[in-house]
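**Q** Provided herewith is a single structure, encoded as structure tokens, for subsequent inquiry.
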Amino acid sequence: MKIDEALLRELTASYEGIGSPKRLLLALSGGADSVALFYLLCHLATERSLELRCVHVHHGLRAAAEDEADFVSALCEKAGVPLTIKRVKVEHIGSLEASARMARYNALCAAMQEADIDVIALAHHADDQAETVLMHLMHGAGPSGLAGMRAYYQGIWRPLLATPKSSLVTLLEDNDLSWREDESNQDPRHLRNAIRHSVMPMLQTLSPATSMNIVRTTQILRDEEDFWRIYVTRWLEQFACLEGPYIFMMTGYCSDLPLAAQRRVLRGFCTAIGIELDFQQTQRLCQLLKSPPGSTENLPSQAQALRTRERMFLLKQPFSKLPLGRLIHVEDTSQTDALQEVFDADQLQGAELRYRQTGDWLSPLGAGGSQKLRKYMIDRQIDRPLRDSWPLLCRGEEVLWVIGVGITQTAAVNADTRMRVVMRYEGKLPGDLTMHHQGEENHARKFETVS
Numbered sequence: 067m068k069i070d071e072a073l074l075r076e077l078t079a080s081y082e083g084i085g086s087p088k089r090l091l092l093a094l095s096g097g098a099d100s101v102a103l104f105y106l107l108c109h110l111a112t113e114r115s116l117e118l119r120c121v122h123v124h125h126g127l128r129a130a131a132e133d134e135a136d137f138v139s140a141l142c143e144k145a146g147v148p149l150t151i152k153r154v155k156v157e158h159i160g161s162l163e164a165s166a167r168m169a170r171y172n173a174l175c176a177a178m179q180e181a182d183i184d185v186i187a188l189a190h191h192a193d194d195q196a197e198t199v200l201m202h203l204m205h206g207a208g209p210s211g212l213a214g215m216r217a218y219y220q221g222i223w224r225p226l227l228a229t230p231k232s233s234l235v236t237l238l239e240d241n242d243l244s245w246r247e248d249e250s251n252q253d254p255r256h257l258r259n260a261i262r263h264s265v266m267p268m269l270q271t272l273s274p275a276t277s278m279n280i281v282r283t284t285q286i287l288r289d290e291e292d293f294w295r296i297y298v299t300r301w302l303e304q305f306a307c308l309e310g311p312y313i314f315m316m317t318g319y320c321s322d323l324p325l326a327a328q329r330r331v332l333r334g335f336c337t338a339i340g341i342e343l344d345f346q347q348t349q350r351l352c353q354l355l356k357s358p359p360g361s362t363e364n365l366p367s368q369a370q371a372l373r374t375r376e377r378m379f380l381l382k383q384p385f386s387k388l389p390l391g392r393l394i395h396v397e398d399t400s401q402t403d404a405l406q407e408v409f410d411a412d413q414l415q416g417a418e419l420r421y422r423q424t425g426d427w428l429s430p431l432g433a434g435g436s437q438k439l440r441k442y443m444i445d446r447q448i449d450r451p452l453r454d455s456w457p458l459l460c461r462g463e464e465v466l467w468v469i470g471v472g473i474t475q476t477a478a479v480n481a482d483t484r485m486r487v488v489m490r491y492e493g494k495l496p497g498d499l500t501m502h503h504q505g506e507e508n509h510a511r512k513f514e515t516v517s
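At position 249 of the sequence shown (counting the first as 1) the number is 315 in my numbering, and the numbers step up by one without a gap.
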């Protein structure tokens, strides 16, 4: 068989780029694209001693489907390549094209699991990539959508994305090899077909290199996307808490970012808990950054964003409480921070660590009188989502210490104190965010590190 050496070199480089897996599964439809890739992979399998298997998805939607299944069966049998045929039932819900695509991908995933193969090869080529980008553009996609399909992502390998279809057809014709045409690809009622048969020929007339130029643009945008992915990951590591029970980010650092970075961070923040935002939803979250504390914004999946004085919370479901820490007696009084206090030892008799309960009250230090715990937390600007998990040292309904916030008049050392005791809380406070640097003066330096 005569193989285009440049095409084979491109395929080999892509194969090595994904780690040279020793077992591959090819989605073989019987069309020119997948048949050309089949022969190329057969050649590669011989050179690299890799195991090649194929899977064919039989949708049962067209009269020619049975002939296509027979064709790929004969093709694989002749080459000695194992083949699995997956017959699927397409549920016609909404777009038939979308339903068929979903059924196909589910079948391909099932075939991968059954064969215990981690990589499946698909025959999408440069023309498919250009069509995909135009479709995304028509739907108002941002840079992520305009970056198109990736050559490798989560076990899906598309080695031909930089190869025009004409090169694949030429490979088959030069070797007198046959394939099957899917007549549904001519139906202009499907958007992709309309673009393929009407829009692309017109663009190619205006600029013959249209498809390949679009492919080059996707390569540039994918590199940009890789940069932003790293940027957002590092930013969230520094300025957000993505480990439950509370999901929040520090709004001040986000508000100072350029708008393009704000959008990226907010989308990445929501994606972390499975919420995908469209453009309008992203814009509303950008506006929420400028809104007063207490403002909210409804999000997909019955979630809600809550803006507080310093944070933006994502509220998706009832929170579990943080595990309570413990109190320890310390002799070293040189360490002074909000997790350590000096107490009148007599006032700690019968005290316990717990969360807030109905009826809790306290006597704020230096204020005189008493007040409800709820009002105290509001006055001390403890964010509403955090209050139920805030650790308290209490004796009955009286709060002696709102840990990390303040000791009460009752528990504090005074002129009548007979014995002092220093206690330290070992545990995490709700809203704690571990950062390498603190303070506004470090903001510019932090931005440089994530850039």
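C-beta: ideal position from N, C-alpha, C; glycine also.
If you measure between the beta carbons of isoleucine 280 and valine 199, is that distance less than 7 Å?
**A** Sequence index remark: in the sequence shown, residue 280 carries index 214 (1-based). Sequence index remark: in the sequence shown, residue 199 carries index 133 (1-based). Yes; because the gap between Cβ atoms is below 7 Å, this pair is in contact.
**Q** Are the beta-carbon atoms of alanine 131 and valine 154 separated by less than 7 Å?
**A** Position 65 of the sequence shown holds residue 131. Position 88 of the sequence shown holds residue 154. Not in contact: alanine 131 and valine 154 (Cβ atoms no closer than 7 Å).
**Q** Leucine 287 and proline 209 look like a contact to me (Cβ under 8 Å); what is the Cβ gap, rounded to whole Å?
**A** By 1-based counting over the sequence shown, the position of residue 287 is 221. By 1-based counting over the sequence shown, the position of residue 209 is 143. With 8 Å as the limit, leucine 287 and proline 209 qualify as a contact, their Cβ atoms being about 5 Å apart.
**Q** In whole angstroms, what is the alpha-carbon distance linking methionine 278 and proline 230?
**A** Translated into positions along the sequence shown, residue 278 becomes position 212. Translated into positions along the sequence shown, residue 230 becomes position 164. Each residue's Cα considered, the two are about 8 Å apart.
**Q** Since phenylalanine 314 and methionine 378 are thought to touch, with beta carbons under 8 Å apart, how far apart are those beta carbons, to the nearest angstrom?
**A** By 1-based counting over the sequence shown, the position of residue 314 is 248. By 1-based counting over the sequence shown, the position of residue 378 is 312. With a Cβ gap of about 6 Å, phenylalanine 314 and methionine 378 count as contacting.
**Q** Can you give me the start and stop residues for the beta strand (DSSP E) that aspartate 410 sits inside?
**A** Mapped onto the sequence shown, residue 410 falls at position 344. Residues 406-410.
**Q** Taking glutamate 418 as the reference, which of Tyr81, Gln406, Ala404 and Leu458 has the closest Cα?
**A** As a position in the sequence shown, residue 418 is number 352, starting the count at 1. The option with the nearest alpha carbon to glutamate 418 is Leu458.
**Q** Would you list the residues sitting across from methionine 315 in a DSSP beta bridge?
**A** Your numbering for residue 315 matches position 249 in the sequence shown. Its beta-bridge partners are Ala306 and Met378.
**Q** Tell me the DSSP bridge mates of methionine 489?
**A** The sequence position of residue 489 within the sequence shown is 423, counting from 1. Methionine 489 is bridged to His395 and Glu407.
**Q** So, using beta-carbon positions, are leucine 388 and proline 254 closer together than 7 Å?
**A** What you label residue 388 is simply residue 322 of the sequence shown in a count that begins at 1. What you label residue 254 is simply residue 188 of the sequence shown in a count that begins at 1. Going by C-beta atoms, leucine 388 is not nearer than 7 Å to proline 254.
**Q** For alanine 140 and histidine 124, which I take to be in contact (beta-carbon distance under 8 Å), what is that distance rounded to the nearest angstrom?
**A** Stepping through the sequence shown from its first residue, residue 140 is reached at position 74. Stepping through the sequence shown from its first residue, residue 124 is reached at position 58. So it is not a contact: roughly 15 Å between Cβ atoms.
**Q** Do you know offhand how far leucine 393's Cα is from glutamate 407's?
**A** For the purposes of this step, residue 393 is identified with residue 327 of the sequence shown, where counting begins at 1. For the purposes of this step, residue 407 is identified with residue 341 of the sequence shown, where counting begins at 1. Answer to the nearest angstrom: the Cα atoms are 11 Å apart.
**Q** Thinking leucine 343 and cysteine 352 are a contact (beta carbons under 8 Å), I'd like their distance in whole angstroms, please.
**A** Taking the sequence shown and counting its residues from 1, the one referred to as residue 343 is at position 277. Taking the sequence shown and counting its residues from 1, the one referred to as residue 352 is at position 286. Their Cβ separation, rounded to whole angstroms, is 11 Å, which puts leucine 343 and cysteine 352 out of contact at 8 Å.
**Q** According to the Cβ coordinates, are alanine 93 and leucine 188 closer than 7 Å?
**A** Sequence index remark: in the sequence shown, residue 93 carries index 27 (1-based). Sequence index remark: in the sequence shown, residue 188 carries index 122 (1-based). Yes, they are a contact pair.
**Q** Which residues share a DSSP beta bridge with asparagine 364?
**A** Within the sequence shown, residue 364 is the residue found at index 298, counting from 1. Asparagine 364 is bridged to Gln370.
**Q** Determine, using beta-carbon pairs with one atom in the segment 422-434 and one in the segment 460-471, whether at least three such pairs fall under 8 Å.
**A** In short, these stretches touch, since the Cβ pair count reaches three.
**Q** So, at 7 Å on beta carbons, what are the nonlocal neighbours of serine 80 in its own chain, with the 5 sequence-adjacent residues on each side left out?
**A** If you number the sequence shown from 1, residue 80 lands on position 14. Answer for serine 80: Ala217 and Pro225, listed in chain order.
**Q** Using three-state DSSP, classify glutamine 220 as helix, strand or coil.
**A** On the sequence shown, position 154 is the one that residue 220 refers to. Residue state, collapsed to three classes: coil.
**Q** With distances taken Cα to Cα, identify the nearest neighbour of glutamine 270 among Ala207, Glu197 and Ser250.
**A** Sequence index remark: in the sequence shown, residue 270 carries index 204 (1-based). Ranking Ala207, Glu197 and Ser250 by Cα distance to glutamine 270 puts Glu197 first.
**Q** If glycine 493 sits next to leucine 390, beta carbons under 8 Å apart, how far is it from one beta carbon to the other, in whole angstroms?
**A** Translated into the one-based positions of the sequence shown, residue 493 becomes position 427. Translated into the one-based positions of the sequence shown, residue 390 becomes position 324. Correct: roughly 7 Å between the Cβ atoms.
**Q** Decide if glycine 96 is buried, meaning its Cβ has at least 16 other Cβ atoms within 10 Å, or exposed.
**A** Indexing the sequence shown from 1 puts residue 96 at position 30. It is buried - the Cβ of glycine 96 has at least 16 other Cβ atoms within 10 Å.
**Q** Can you check the segment 115-189 for any alpha helix (DSSP H) of at least 4 residues that lies completely inside it and give the ranges in chain order?
**A** DSSP runs (the alpha helix (DSSP H)) wholly in the segment 115-189: 131-145 and 162-181.
**Q** Looking only at its chain, what residues have a beta carbon closer than 7 Å to the beta carbon of histidine 191, apart from the 5 residues adjacent to it on each side?
**A** Mapped onto the sequence shown, residue 191 falls at position 125. Around histidine 191: Asp99, Leu226, Leu227, Thr229, Pro230, Lys231 and Leu234.
**Q** Please state whether DSSP places proline 520 in a helix, a strand or coil.
**A** Because the chain spans 67 through 517 in this model, residue 520 falls outside it and cannot be assessed.
**Q** Does DSSP put leucine 73 in a helix, a strand or coil?
**A** To locate residue 73, count along the sequence shown from 1; it is residue 7. Three-state DSSP puts leucine 73 in a helix.
**Q** Which whole-angstrom value describes the C-beta separation of glycine 221 and methionine 168, a residue pair presumed to lie in contact below a C-beta threshold of 8 Å?
**A** To locate residue 221, count along the sequence shown from 1; it is residue 155. To locate residue 168, count along the sequence shown from 1; it is residue 102. So it is not a contact: roughly 17 Å between Cβ atoms.
**Q** Do you know offhand how far phenylalanine 293's Cα is from arginine 330's?
**A** Stepping through the sequence shown from its first residue, residue 293 is reached at position 227. Stepping through the sequence shown from its first residue, residue 330 is reached at position 264. Their Cα atoms are separated by approximately 11 Å.
**Q** Once DSSP output is grouped into helix, strand and coil, what is the label at glycine 83?
**A** The residue labelled residue 83 in the question sits at position 17 within the sequence shown. The answer is helix: DSSP assigns glycine 83 an H, G or I state.
**Q** Take aspartate 449 as the anchor and find which of Met485, Ser361 and Arg490 has the nearest alpha-carbon.
**A** Numbered from its first residue, the sequence shown carries residue 449 at position 383. Of Met485, Ser361 and Arg490, the residue nearest in Cα terms is Ser361.
**Q** Leucine 118: which of Gly334, Asp182 and Tyr171 sits nearest, CA to CA?
**A** Indexing the sequence shown from 1 puts residue 118 at position 52. Minimum Cα distance to leucine 118 is reached at Asp182.
**Q** Below 7 Å between beta carbons: does that hold for tryptophan 151 and leucine 91?
**A** Reading the sequence shown from its first residue, position 85 is the one you call residue 151. Reading the sequence shown from its first residue, position 25 is the one you call residue 91. The sequence as given places isoleucine at residue 151; tryptophan does not occur at that position. Their beta carbons are not under 7 Å apart, which means isoleucine 151 does not touch leucine 91 by this criterion.
**Q** Glutamine 437 bridges to which residues according to DSSP?
**A** The residue labelled residue 437 in the question sits at position 371 within the sequence shown. Note: glutamine 437 sits in a beta bridge opposite Leu428.
**Q** So what's glycine 211 in DSSP terms, helix, strand or just coil?
**A** In the sequence shown, counting from the first residue as 1, residue 211 sits at position 145. Residue state, collapsed to three classes: helix.
**Q** Are there 16 or more other CB atoms within 10 angstroms of the CB of valine 396, so buried, or fewer, so exposed?
**A** Residue 396 sits at position 330 when you count from the first residue of the sequence shown. Result: exposed.
**Q** Report buried or exposed for leucine 325, applying the criterion of at least 16 other Cβ atoms within 10 angstroms of its Cβ.
**A** The residue given as residue 325 occupies position 259 in the sequence shown. Result: exposed.
**Q** Starting from alanine 12, trace the alpha helix (DSSP H) both ways and give me its first and last residue.
**A** Summary: the structure shown does not reach residue 12, with the chain confined to residues 67 through 517, and so no result is reported for it.
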